[in-house]
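Written below as structure tokens is the structure these notes are about.
Protein chains in written order, with the numbering used here: chain A, 147 to 255; chain D, 285 to 399.
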């Protein structure tokens, strides 16, 4: 079992819709969780971090963490074509940092 | 603005060449990492370093070595480049910063092609 699992997609949503990206992790002791956005040919950039159960909002982005169910999700409201990218989930467990393989999102104008 | 700088954006090298990939950070972070990223395989950790002169093997260290003589610089060395080392190479740091908490900050990446 992989430490971090994501649906590779591709996920397609129309412009203005809500995009929902999901990630599950295997280690219950994981403490912190991150979402990175990666445009094609570019390096990952951090967009959200979350440490506590519940929701964390930043502009059009909301990260949701449920430690009991071991999943973390990212919601993108009012999706724009510029949101088209691969989204990587990352989980910090002790001194280790694990990345998922990413979900490809396409926002259709 | 914090920065992790990789010296080359694109590189083309011949099989058997010794290749140096340089990474410099201005974040004063102890932790530095080298990953490669290939389609369908995600990010794979090659080597990491928690301190100057210190290095640890990651998941795929074969064919690579690293050097960390100064805190801000972490170099990846391909001892004898092979075509299966054609990949995107990403350097990253990790440490406290208000913009990243304890998340990773990545360099812009080096797209290496070995012919």
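Where a beta carbon is used, it is the ideal one built from N, C-alpha and C, also for glycine. Note that the structure is a prediction, hence the values are computed from the model and not measured.
The DSSP assignment places complete beta strand (DSSP E) segments of no fewer than 3 residues inside the segment 147-182 of chain A at 150-152, 157-160 and 165-171, in order along the chain. Taking residue 293 of chain D as reference, the option from D:392, D:337, D:398 and D:399 with the minimal CA-CA separation is D:392. With distances taken between CA atoms, residue 253 of chain A lies nearest to A:159 out of A:159, A:235, A:193 and A:181. Below the 9 Å Cβ cutoff, chain D contributes 383, 384, 385, 387, 388, 389 and 390 as neighbours of residue 192 of chain A, in chain order.
Residue 393 of chain D has a beta carbon lying within less than 8 Å of a beta carbon in chain A. Within the segment 322-337 of chain D, the residues whose Cβ lies closer than 8 Å to any Cβ of chain A are, in chain order, 324, 325, 326 and 327. For residue 374 of chain D, the chain A residues whose C-beta falls within less than 8 Å of its own C-beta are 189 and 190, listed in chain order.
At a cut-off of 8 Å between beta carbons, residue 212 of chain A makes no contact with chain D.
When Cβ-Cβ separations below 8 Å define contact, residue 245 of chain A makes contact with chain D.
For residue 230 of chain A, the closest alpha carbon among the candidates A:156, A:241, A:148 and A:200 is that of A:156.
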